[in-house]
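Engineer: One line per chain: the protein sequences are A and B, in this order. Read in order, the letters of the first sequence are residues -18 to 139 in the working numbering. Read in order, the letters of the second sequence are residues 87 to 344 in the working numbering. Positions of the beta carbon are idealized from the N, C-alpha and C atoms, including for glycine. All values reported here derive from a predicted model rather than from experimental measurement.
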Amino acid sequence: MQEFLQQTIVANFNYWIYVTLMMIGLYAMISKNNLIKKLIGMSIFQTAIILFYVSLSVKGTTDEVSIPIIHHHQEEAEHADHGGEKKGAAAAHHEPHAIDPTKYANPLPHVLMLTAIVVGVAILGVALAVSQLLYKDYGTLEESEILAAIKELPSDHG
Amino acid sequence: MKFFALLAVSVTWCLLIYAARDFPDFAVPDSPANGGKVSNYFLEKTEENSHVPNVVTAVLADYRGYDTMFETVVIFTAGIAIMAILRMTPGGSTGSGALPPAVPRRKRTFDGSELIVSGTCKLLIPIIQLFALYVIAHGHHSPGGGFQGGVILGASFILLAISRNLDAALQRLSEKRYLMLASVGVLIYAGIGVMSLLLGANFLDYGILSQILPATDAAMARSHSMLGVEVGVAFTVSAIMFAIYANLSTAGELKNGL
């Protein structure tokens, strides 16, 4: 039992969290009647995906792995100071360094999620604008009432 | 209806959890996502290609430059779309223009004369804006960049609109100005891309810009162009963030907002 829990939950807890959050968002999007609550569900769904991607980019504990910002100028400057003046700062600047990729977190999911957050903001803004327009026309944000009002309207656009 | 929704969600939950057993464990350095050639190439070569320590910014503005450019266009389009949606008067609609308030609005007693709120915001807003400029300008050496700094800059204007009123914010960033700022941001980004096209390289291939930037080699030209690109992104994002707030809070009329 202990081993089972260790293997399925502890080692994979990020997936449990993202799946649960995603399903909360999906449930809100399906079952809630209010359009704003649906939008909140959509935001939770997006957040779950962002969490999923960012958790994929983790490579280890913070002692072993740092954020993907490479500290090289500093090291090179120290090198130049200690190693005398035999190479100028510019030369040291261009010297290729062996960088161990396992020491830095994976940058690619971060970039993808940065753009996903931006798209999320754009979607949320447009969706809120559309719901304001609906409220202006129907006086309600409840989906069932809007659908009923649409059915009552004479179908003049065919 | 709710029962079926719950059923569907529960079944999907079980399927996804079952699938998660086949995923790599948390924090494994050689998982398929982390051990791939692409992300390791970014980590190993960014310093050599562009002298930019922040790999995230380098990937965002250089390696995936197309993506980010159209990301900026997405933000720009969203801002324009919000204005268009809120200001249209659809044929056959019963809407009279203004949003009918569900609850009668309380008389606002808070009009910026509240000493503590307005005084605190007066002190905070310049610092927030200064920090936003730092986040933009230092985005390729420390965490930050155009999107992050732009959002902070937009938030400072939104704070002004909340703490005093929308008119005070619109006086400083009027509709004409924020639309111009948003367009100029996209223009800067696309312009840097076209400039490298004119010099004979590919679109958004910044290395060639060392021919016109003084005292740079190809790598430093990439670094400087990334800064220029980030400034363009920040212009668009800050202007559109404020535009979204101003239009949504007033149903597109830009007066008597929150």
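Residue range of the alpha helix (DSSP H) that Y292 of chain B falls in?
Structural biologist: Careful: Y292 of chain B lies outside any alpha helix (DSSP H) and carries neither H nor E.
Engineer: Anything in chain B within Cβ reach of T83 of chain A, meaning under 7 Å, just list it in chain order.
Structural biologist: Going along chain B in sequence order, the residues near T83 of chain A (Cβ under 7 Å) are P115.
Engineer: Going by Cα to Cα distance, which pick from B:F233, B:V159, B:G225, B:H227 is closest to M94 of chain A?
Structural biologist: Checking every option, the nearest Cα to that of M94 of chain A belongs to B:F233.
Engineer: Apart from the five residues on each side of it in sequence, which residues of its chain come closer than 7 Å, Cβ to Cβ, to I31 of chain A?
Structural biologist: Around I31 of chain A: M94, A97, I98.
Engineer: Give a yes or no on whether the C-beta atoms belonging to F14 of chain A and E124 of chain A are separated by under 8 Å.
Structural biologist: One point to set straight first is that residue 14 of chain A is Asn, not Phe, in the sequence displayed. Yes.
Engineer: Under 8 Å between the Cβ atoms of I274 of chain B and G165 of chain B?
Structural biologist: Contact: no.
Engineer: Any beta carbon from chain A within less than 8 Å of R258 of chain B's own beta carbon?
Structural biologist: No, because no Cβ of chain A sits closer than 8 Å to the Cβ of R258 of chain B.
Engineer: Give a yes or no on whether the C-beta atoms belonging to I48 of chain A and A79 of chain A are separated by under 8 Å.
Structural biologist: No, these two residues do not count as a Cβ contact at 8 Å.
Engineer: Any idea what DSSP makes of E339 of chain B, helix, strand or coil?
Structural biologist: Three-state DSSP puts E339 of chain B in coil, outside helix and strand.
Engineer: Can you give me the C-alpha to C-alpha distance between N135 of chain B and A305 of chain B, rounded to a whole angstrom?
Structural biologist: Distance between the alpha carbons of N135 of chain B and A305 of chain B is about 5 Å.
Engineer: Thinking just about the alpha-carbon of each residue, which of B:V237, B:W99, B:T302 is nearest to the one in I161 of chain B?
Structural biologist: Answer by Cα proximity: B:V237.
Engineer: Report the partner residues of Y85 of chain A according to the DSSP bridge assignment.
Structural biologist: Answer is A:S47.
Engineer: Assuming R107 of chain B and T(-11) of chain A make a contact with CB atoms under 8 Å, what is their CB distance in whole Å?
Structural biologist: Right, their Cβ atoms sit about 6 Å apart.
Engineer: Suppose the cutoff is 8 Å on Cβ atoms and the five residues either side in sequence are ignored; what does the same chain contact list for D253 of chain B look like?
Structural biologist: The answer, listed in chain order, is K341.
Engineer: Start and end of the alpha helix (DSSP H) containing D116 of chain B?
Structural biologist: It is not in any alpha helix (DSSP H) - D116 of chain B carries neither H nor E in the DSSP assignment.
Engineer: Would you call the CB atoms of I50 of chain A and P115 of chain B closer than 8 Å?
Structural biologist: Not closer than 8 Å, so no.
Engineer: Which residues does DSSP list as the beta-bridge partners of T123 of chain A?
Structural biologist: First, the amino acid is wrong: residue 123 of chain A is Glu here, not Thr. Partner(s): A:N15.
Engineer: Answer with buried or exposed for V280 of chain B, where buried requires no fewer than 16 other C-beta atoms within 10 angstroms of its C-beta.
Structural biologist: Answer is exposed; the Cβ neighbour count stays below 16.
Engineer: Measuring alpha carbon to alpha carbon, tell me which of B:F90, B:P118, B:K262 ends up nearest Y8 of chain A.
Structural biologist: For the residues B:F90, B:P118, B:K262, the minimum Cα distance to Y8 of chain A belongs to B:F90.
Engineer: So is F243 of chain B buried or exposed if we call it buried at 16+ other beta carbons inside 10 Å?
Structural biologist: With 16 or more Cβ atoms within 10 Å of its Cβ, F243 of chain B is classed as buried.
Engineer: Against chain B, with Cβ distances strictly below 8 Å, would S38 of chain A count as a contact?
Structural biologist: It does: the Cβ of S38 of chain A has a partner Cβ on chain B nearer than 8 Å.
Engineer: Quick one: does I(-2) of chain A have its CB under 8 Å from some CB of chain B?
Structural biologist: Not one chain B Cβ lies under 8 Å of I(-2) of chain A.
Engineer: Quick check on N288 of chain B: buried or exposed, where buried means 16 or more other Cβ atoms within 10 Å of its Cβ?
Structural biologist: Answer is exposed; the Cβ neighbour count stays below 16.
Engineer: Since I believe L37 of chain A is in contact with P90 of chain A (beta carbons under 8 Å), could you give me their beta-carbon distance rounded to a whole number of angstroms?
Structural biologist: Their Cβ separation, rounded to whole angstroms, is 6 Å, which keeps P90 of chain A and L37 of chain A in contact under 8 Å.
Engineer: Counting pairs of beta carbons, one from the segment 209 to 219 of chain B and one from the segment 119 to 135 of chain B, are three or more of them closer than 8 Å?
Structural biologist: No: fewer than three Cβ pairs fall under 8 Å.
Engineer: Counting only Cβ pairs nearer than 8 Å, list the residues of chain B close to G106 of chain A.
Structural biologist: Correct list: A164, G165, I168, I330, L334.
Engineer: Am I right that G318 of chain B and G271 of chain B are in contact with their C-beta atoms under 8 Å? What's the rounded C-beta distance?
Structural biologist: Their Cβ separation, rounded to whole angstroms, is 5 Å, which keeps G318 of chain B and G271 of chain B in contact under 8 Å.
Engineer: With DSSP as the reference, identify every bridge partner of N333 of chain B, one or two as the case may be.
Structural biologist: In the DSSP output, where bridge partners are listed per residue, N333 of chain B has none listed.
Engineer: Does the segment 137 to 155 of chain B come into contact with the segment 104 to 119 of chain A, if we say contact requires no fewer than three beta-carbon pairs (one atom in each stretch) closer than 8 Å?
Structural biologist: With a cut-off of 8 Å, the segment 104 to 119 of chain A and the segment 137 to 155 of chain B do not count as touching, because too few Cβ pairs lie within range.
Engineer: Keeping to the same chain, check which residues put their C-beta closer than 7 Å to that of Q297 of chain B; ignore five residues upstream and five downstream.
Structural biologist: Here the set comprises L285.
Engineer: Between the C-alpha atoms of M169 of chain B and I17 of chain A, what's the straight-line distance to the nearest angstrom?
Structural biologist: Rounded to whole angstroms, M169 of chain B to I17 of chain A spans 19 Å at the Cα level.
Engineer: For M4 of chain A, which residues in chain B fall below 7 Å Cβ to Cβ?
Structural biologist: Correct list: V95, T98, W99.
Engineer: Secondary structure at N140 of chain B, three-state DSSP: helix, strand or coil?
Structural biologist: N140 of chain B: strand per DSSP, three-state reduction.
Engineer: Can you find a C-beta in chain A that's less than 8 Å from the C-beta of R308 of chain B?
Structural biologist: No, no contact with chain A.
Engineer: Can you tell me whether R308 of chain B is buried or exposed, with buried defined as 16 or more other CB within 10 angstroms of its CB?
Structural biologist: Classification of R308 of chain B: buried, given that the 10 Å Cβ count is 16 or more.
Engineer: Using a Cβ-Cβ cut-off of 8 Å, state whether K88 of chain B counts as contacting chain A.
Structural biologist: So yes, K88 of chain B belongs to the interface.
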